[in-house]
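Below: the structure, in structure tokens.
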Amino acid sequence: MNTDFAHYNEEQLRKLGELHSLLGHSDIGSSYLATLPEPRSVEELNPPQEINVTHSVPDVDTLVDIYRQQRVDKVHVRDEHYSTKITRKYPGFVVVKNNHDEVMSLVGEINRLRDKFADAVKGITHYQDSRSEILHQIYPWLVTLQVSRNIRIVTEKIRSLGFTWQIPVIHKFTRLETVIDRLRREITELQPDINLTKQDVERLKQERTEEIMMLSLLNDEVCNDDESSRKFRLIRESNFPAVNVNIRYTSPDDPNDVHGPYKLNFRAPLPLILFSEPDRFNPLKNYVKGERQKRGSFNEKYRSVLPRIGLVEVIKESRRAGF
Numbered sequence: 429m430n431t432d433f434a435h436y437n438e439e440q441l442r443k444l445g446e447l448h449s450l451l452g453h454s455d456i457g458s459s460y461l462a463t464l465p466e467p468r469s470v471e472e473l474n475p476p477q478e479i480n481v482t483h484s485v486p487d488v489d490t491l492v493d494i495y496r497q498q499r500v501d502k503v504h505v506r507d508e509h510y511s512t513k514i515t516r517k518y519p520g521f522v523v524v525k526n527n528h529d530e531v532m533s534l535v536g537e538i539n540r541l542r543d544k545f546a547d548a549v550k551g552i553t554h555y556q557d558s559r560s561e562i563l564h565q566i567y568p569w570l571v572t573l574q575v576s577r578n579i580r581i582v583t584e585k586i587r588s589l590g591f592t593w594q595i596p597v598i599h600k601f602t603r604l605e606t607v608i609d610r611l612r613r614e615i616t617e618l619q620p621d622i623n624l625t626k627q628d629v630e631r632l633k634q635e636r637t638e639e640i641m642m643l644s645l646l647n648d649e650v651c652n653d654d655e656s657s658r659k660f661r662l663i664r665e666s667n668f669p670a671v672n673v674n675i676r677y678t679s680p681d682d683p684n685d686v687h688g689p690y691k692l693n694f695r696a697p698l699p700l701i702l703f704s705e706p707d708r709f710n711p712l713k714n715y716v717k718g719e720r721q722k723r724g725s726f727n728e729k730y731r732s733v734l735p736r737i738g739l740v741e742v743i744k745e746s747r748r749a750g751f
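Add 428 to the 1-based position in the sequence shown for the working numbering, that's all there is to it.
In structure tokens:
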């Protein structure tokens, strides 16, 4: 079994310590952080109608602590039922005025280690659910997506920067036969190893067998109905509101924007590192369903089918949202 993920994780944490020191000795300009509530498991099926945003001016210690975060607090999981499928987002930025080459090099190393960590986790086993159980025996409550997020640097001269809400577009459905086949393959591949005893394997195989029986009965029911009206998907492809950053910048080859405007638009789960002060900045506003930018299937509702893997049935057809 591939256990290199532990090495890559420790290495990226060590490099984050170096980044902390480098930023502490750099000339820091403005900074911003939008603090959002921790998503709860109930919101995986029913996204919130409103999300309140708290604004702050973070210091370097706070920003690097965010980059280091990789676990869900055990107390929160037990008492507040916080989600591990929808990860917490930290829209924000810090302007670094000097040491640009050193920052670029170090962040590049961190991102490469995070990519290697994600690849090594996938190498534990081909099947995501067994992989998660094995990983959490070594790193309890670790959220792989949170550890493997890359830190984004914006080197361009920024004219305007703003954070906005967006509903992800969801297209992909799954078939129950596909999920059943996946569980059968997992049963075949489950074998004792350094992290799984024979008793663990027998327990997991029994759990998978019971899940297959349940899904097979549901599949028979679906086949007897109008199959086109019964749709299933994995909740990890969530319609939970996401945060995008919109950047307008000046090209060094076109400082007067003759052929512009030049734009960047991407998800912003972690604070950005900027090499220039934005001329204009729009902070993230509170989210109110229906009042912000809306895309995709924001009206879908779900019935949980197999919570362990996030399999749900759509019980309310989506409507294409207008702008």
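We put the beta carbon where it would ideally sit given N, CA and C, even for glycine.
* Per-residue DSSP class, three states only, for H453 -> coil
* Asked: Can you tell me where the alpha helix (DSSP H) with K626 in it begins and where it stops?
  -> 626-652
* Identify which residue in S459, Y460, T515 has its Cα closest to the Cα of A670. => T515
* Kindly indicate which three-state DSSP category T583 falls into: helix, strand or coil? => coil
* First and last residue of the beta strand (DSSP E) that includes F694? -> 690-695
* Asked: Name the DSSP bridge partner or partners of Q477?
  -> For Q477, which the question treats as bridged, DSSP gives no partner whatsoever.
* Asked: Out of S459, W593, D681, L444, which has the shortest C-alpha to C-alpha gap to I479?
  -> W593
* To do: Look at L573 and K443 and say whether their C-beta atoms are less than 9 Å apart.
  => no
* Would you call the CB atoms of V629 and L645 closer than 9 Å? -> no
* To do: Leaving aside the five residues before and after Y518 along the sequence, list all residues of the same chain whose C-beta is less than 7 Å from its C-beta, in chain order.
  => L461, I494, P697, L698, P699
* To do: Identify whether R516 lies in helix, strand or coil by the three-state DSSP scheme.
  => coil
* Asked: Smallest Cα separation from Y677: which of T616, V716, R587?
  -> R587
* Asked: Any idea if R577 is buried or exposed, counting beta-carbon neighbours within 10 angstroms, 16 or more meaning buried?
  -> buried
* Asked: Can you tell me the Cα-Cα spacing of D682 and V492, whole angstroms?
  -> 34 Å
* Asked: For the alpha helix (DSSP H) that contains V607, what are its first and last residues?
  -> 604-617
* Asked: Measuring CA to CA, which of N647, S704, I663 is closest to I675?
  -> S704
* To do: Provide the residue(s) that pair with W593 in DSSP beta bridges, ordered along the chain.
  => V671
* Using 8 Å as the cut-off, classify the Cβ of N480 as near or not near the heavy atoms of the ligand NAP, replying yes or no. => Judged by which ligands are present, the structure shown has none, so any question about the ligand NAP falls away.
* On the three-state DSSP scale, how would you describe F751? -> For F751, the predicted model reports a pLDDT of 34, less than 50, meaning its position is unreliable; a value from the coordinates is still stated below. Coil.
* Asked: According to the neighbour-count rule (16 or more other Cβ atoms, all chains shown, within 10 Å of its Cβ), is E438 buried or exposed?
  -> exposed
* **Proximity below 9 Å, CB of K525 to CB of S449** => no
* Please confirm whether N672 and R695 have their CB atoms less than 9 Å apart. => yes
* **DSSP state of D707 mapped onto helix, strand, coil** => coil
* Whose C-alpha, out of L734, T583, S560, D621, is nearest the C-alpha of M641? -> L734
* **Closest Cα partner of I566 within the set I737, V716, D432, I701** => D432
* Expressed to the nearest angstrom, what Euclidean distance is found between the alpha-carbon atoms of W569 and G688? -> 46 Å
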